[in-house]
Structure formats: C-alpha cells, structure tokens
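To keep things clear, I will list the structure first and then write my remarks on it.
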Amino acid sequence: MTDPAATKHGPGRILIAVYGVFALAATARAGVQIATKFSDAPIAYLLSAVAAVIYCAATFALAKATNVSRKVATTAIAIELVGVLAIGAFSYAVPDDFPDATVWSHFGQGYGFVPVVLPVLGLLWLRRTR
Amino acid sequence: MFAPLTWFLVALSLAAMVYAVVLAARNKRIDWTVLGALGVIEVALVAQLVVGIVQFAGTDRDVSGPFFIGYLIGSLIILPIGAFWALAESSRWGAGVLAVACLVIPILELRLHDLWAV
Chain A
3 MTDPAATKHG
13 PGRILIAVYG
23 VFALAATARA
33 GVQIATKFSD
43 APIAYLLSAV
53 AAVIYCAATF
63 ALAKATNVSR
73 KVATTAIAIE
83 LVGVLAIGAF
93 SYAVPDDFPD
103 ATVWSHFGQG
113 YGFVPVVLPV
123 LGLLWLRRTR
Chain B
542 MFAPLTWFLV
552 ALSLAAMVYA
562 VVLAARNKRI
572 DWTVLGALGV
582 IEVALVAQLV
592 VGIVQFAGTD
602 RDVSGPFFIG
612 YLIGSLIILP
622 IGAFWALAES
632 SRWGAGVLAV
642 ACLVIPILEL
652 RLHDLWAV
C-alpha cells in the first residue's frame, strides 16, 4: 500500500509548479482570446480553452494527491498528451485551420516545447509514485 | 516601458533562480536570502505595473492592451503562489519550486518588452 500523498512531494513539487504555470498561462491566454477576438479563430481558441481546463484539472488533481485525484490526474494528463500530439501534428499538416496559435500548436513550440514534455513527465511521475 | 526596471527584474530573477538551484543541488532548504530577493523582485514588479499602466495610458503605440496589462498583473501572483507552494515542502524540492517561479518572471518581462516594442 503506497501513500497517495507521495505524488505532491519531492520532484512532484516542481512538476506541480510547472503545471500551475501552464494552468495560469493557458487560462489567461484563452480568456483574453475568447473575450477579445473569438471570431478570428474560434476552433483554435476553443482548443485553447480545452487545454486550459485540462491543465487546471491536472494541477489541482496532482496537488490534492488522494487515490481519487490520482485517477483524475492520470486521465487529464493522458488527454493532454493526446491533445498536444494531435494538435501539434494538425498544426503542421493543415496550418490554415490554425490561424492563431494555441498552447499546443507545433507541439508547444511557442512555450519551448515544454507542453509536449510535460505530460510524459507527468505520466512517468504518476507511475513512479503508484 | 522603462527599460532599466525591466532588465533589473530579469537580472535579479535569474540570480535568485541560480541561487535557488544551488540550494537544491546542495540539498538545502529555502533560506531568508532567497525569500528576501523574492520580496525585492515583488516590489519591483509592483513598480513595473504602475510604470506600465501609466505609459500604456499615454502611448499611441499599437500595444495589445489585454495582453500587456494581463502580463503586468499576472506577474504579481507568480512569486507569492510559488513561495506558498515551496514553503510547504520541507526538502530541497522547495528550493526547486522557487527556481521555477523565478524563471517565469524573466519570461514574462521579455514578453512585456516585446509587446511594447511592436
């Protein structure tokens, strides 16, 4: 029987801090985009909002570190990984559909590619603390 | 933008980040030196907010208001939340959290600089 609280201590502390930064950045970015110029690129901005919700869910679930929240975190981070890979690939394949950048465009190039590395580290950390 | 304040913030934040990394590498916990540096950075960020709003109000540059003001306000909450999250961790990883928080400040300042320069 492992301690579920292990998720939020040690290296996990930094992982959650980075998730928190992205939760904040993605939420603020999506909020401004949708409030000021939604009609410019509705699909991209809705995806920004989806990304923001997922980052917030992952941050709080990792920080809560209970048996239930671990499942929430695992689900959120798995969706995040699929999302960044799918949006990253699509944004290269059909750039016209992404006239303005989302946090996941080009595998998170605008954010130093951290968005594509973060879910991998997240899932590895969840497995390590299982 | 008042460039010297921006570069002061970038330099001090990076110095605090390096210090926090050294603490973590030496298996030390957060100390008053790094917390004091965070306090100075936070005061400078408040000054940057005031300078930024005054200059934004008086400029005819094509600066994106929501993003510019958003970055100015957003930069204020990074260090307090980071410190709160770091202080609750009684190991080297608390200092690591502060290093992450300190790295965010120069990124935001450079974005502000770019937004203003456009």
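Respectively, the protein sequence lines represent chains A and B.
For reference, each letter of the first sequence is one residue, going 3 to 132 in this note's numbering.
For reference, each letter of the second sequence is one residue, going 542 to 659 in this note's numbering.
Glycine included, every Cβ here is placed at the ideal spot set by N, Cα and C.
No experiment lies behind these values; they were computed from the predicted model shown.
Does chain A have any CB closer than 7 angstroms to the CB of B/G611? The residue you call residue 611 of chain B lines up with position 70 of the second sequence. True, the Cβ-Cβ gap to chain A drops below 7 angstroms.
Do B/A629 and B/V562 count as a contact pair if the criterion is CB distance below 7 angstroms? For the purposes of this step, residue 562 of chain B is identified with residue 21 of the second sequence, where counting begins at 1. For the purposes of this step, residue 629 of chain B is identified with residue 88 of the second sequence, where counting begins at 1. No; because the gap between Cβ atoms is not below 7 angstroms, this pair is not in contact.
What is the DSSP secondary structure of B/F543, reduced to helix, strand or coil? Residue numbering aside, residue 543 of chain B sits at position 2 when the second sequence is read from its first letter. Coil.
First and last residue of the alpha helix (DSSP H) that includes A/Y57? The residue you call residue 57 of chain A lines up with position 55 of the first sequence. Segment P44 to K66, the alpha helix (DSSP H) holding A/Y57.
What's the C-alpha gap between A/R31 and B/I610? If you number the first sequence from 1, residue 31 of chain A lands on position 29. If you number the second sequence from 1, residue 610 of chain B lands on position 69. Spanning the two alpha carbons is a distance of roughly 12 angstroms.
Alpha helix (DSSP H) runs wholly inside the region 569 to 608 of chain B, at least 4 long, in chain order: Segments of the alpha helix (DSSP H) lying fully in the region 569 to 608 of chain B: 573 to 598.
What residues of chain B sit near A/T122, judged by a beta carbon separation below 9 angstroms? Looking up residue 122 of chain A in the first sequence gives position 120. Looking at the sequence provided, one finds Val at residue 122 of chain A rather than Thr. Simply none; closest approach about 18 angstroms.
Would you say B/L617 and B/L649 are within 7 angstroms of each other, going by their C-beta atoms? Here residue 617 of chain B refers to the residue found at position 76 of the second sequence. Here residue 649 of chain B refers to the residue found at position 108 of the second sequence. Between B/L617 and B/L649, the CB-CB gap reaches or exceeds 7 angstroms.
Three CB pairs or more closer than 8 angstroms across the region 52 to 68 of chain A and the region 571 to 578 of chain B: Contact between the region 52 to 68 of chain A and the region 571 to 578 of chain B is absent: fewer than three C-beta pairs spanning the two stretches fall below 8 angstroms.
As a quick exercise: from A/A95, A/A75 and A/A46, pick the residue whose alpha carbon is nearest that of A/W138. In this structure chain A extends from 3 to 132, so residue 138 of chain A is not present and cannot be described.
What residue from A/C58, A/T131, A/S71 and A/D42 has the CA that sits closest to A/D99's CA? On the first sequence, residue 99 of chain A is found 97 positions in, with the first residue counted as 1. Put simply, of A/C58, A/T131, A/S71 and A/D42 the residue whose alpha carbon is nearest the alpha carbon of A/D99 is A/D42.
Leaving out five residues on either side along the sequence, give the residues of the same chain with a beta carbon under 8 angstroms from the beta carbon of B/L576. Reading the second sequence from its first residue, position 35 is the one you call residue 576 of chain B. Only residues of its own chain outside the window of five on either side were considered, and among them A624 have a CB closer than 8 angstroms to the CB of B/L576, listed in chain order.
Start and end residues, alpha helix (DSSP H) containing A/D98: What you label residue 98 of chain A is simply residue 96 of the first sequence in a count that begins at 1. In the DSSP annotation of this structure, A/D98 is not part of any alpha helix (DSSP H), being labelled neither H nor E.
Determine whether the beta carbon atoms of A/A78 and A/A59 lie at a separation below 7 angstroms. As a working note, residue 78 of chain A is residue 76 in the first sequence. As a working note, residue 59 of chain A is residue 57 in the first sequence. Yes. Within cutoff.
Considering only the beta carbon of each residue, do A/P117 and A/W106 sit closer than 7 angstroms? The residue labelled residue 117 of chain A in the question sits at position 115 within the first sequence. The residue labelled residue 106 of chain A in the question sits at position 104 within the first sequence. Yes; because the gap between Cβ atoms is below 7 angstroms, this pair is in contact.
Check the C-beta distance from B/C643 over to B/M542 and give it rounded, since I have them as a contact under 8 angstroms. For the purposes of this step, residue 643 of chain B is taken as residue 102 along the second sequence, with counting starting at 1. For the purposes of this step, residue 542 of chain B is taken as residue 1 along the second sequence, with counting starting at 1. That belief does not hold up - the Cβ atoms of B/C643 and B/M542 are roughly 21 angstroms apart, past 8 angstroms.
Roughly how far, in whole angstroms, is the beta-carbon of B/I582 from the beta-carbon of B/L550, given that I think they are within contact range, below 8 angstroms? Residue numbering aside, residue 582 of chain B sits at position 41 when the second sequence is read from its first letter. Residue numbering aside, residue 550 of chain B sits at position 9 when the second sequence is read from its first letter. At roughly 7 angstroms, the Cβ-Cβ gap stays under 8 angstroms, so B/I582 and B/L550 are in contact.
What residues in its chain sit with their C-beta under 6 angstroms from that of A/F24, if we drop five residues either side in the sequence? Sequence index remark: in the first sequence, residue 24 of chain A carries index 22 (1-based). When the five nearest sequence neighbours on each side are left out, the beta carbons in the same chain lying within less than 6 angstroms of the beta carbon of A/F24 are those of Y57, in order along the chain.
Compare the C-beta of B/P607 against all C-beta atoms of chain A and say whether one is closer than 7 angstroms. Against the second sequence, residue 607 of chain B aligns to sequence position 66. Interface flag for B/P607 against chain A is set, since a Cβ pair is found closer than 7 angstroms.
Does B/E583 come within less than 7 angstroms of chain A when only Cβ atoms are used? Mapped onto the second sequence, residue 583 of chain B falls at position 42. Not an interface residue.
Cβ-based burial, A/Y94 [other Cβ within 10 Å; buried from 16]: On the first sequence, position 92 is the one that residue 94 of chain A refers to. Around the C-beta of A/Y94, fewer than 16 other C-beta atoms lie within 10 Å, and the residue is accordingly described as exposed.
Please state the DSSP three-state secondary structure of B/V559. Counting from one through the second sequence, the residue named residue 559 of chain B turns up at place 18. In this structure, B/V559 counts as helix in the three-state DSSP scheme.
What does the Cβ neighbour count give for B/W634, buried or exposed, with the cut at 16 atoms within 10 Å? As a working mapping, residue 634 of chain B is identified with position 93 in the second sequence. Here B/W634 is buried, its C-beta having at least 16 other C-beta atoms within 10 Å.
Flag B/A641 as yes if its beta-carbon sits less than 7 angstroms from any beta-carbon of chain A, otherwise no. Along the second sequence, one-based indexing puts residue 641 of chain B at 100. Looking at the sequence itself, residue 641 of chain B is Val, so the reference to Ala does not match. With its beta carbon less than 7 angstroms from one in chain A, B/V641 belongs to the interface.
Anyone know if the C-beta pair for A/P6 and A/T68 falls short of 7 angstroms? As a first step, residue 6 of chain A must be located in the first sequence, where it is residue number 4. As a first step, residue 68 of chain A must be located in the first sequence, where it is residue number 66. Between A/P6 and A/T68, the C-beta spacing is below 7 angstroms.
Using DSSP with H/G/I as helix, E/B as strand and the rest coil, what is A/R15? Working through the first sequence from its first residue, we reach residue 15 of chain A at position 13. Residue state, collapsed to three classes: helix.
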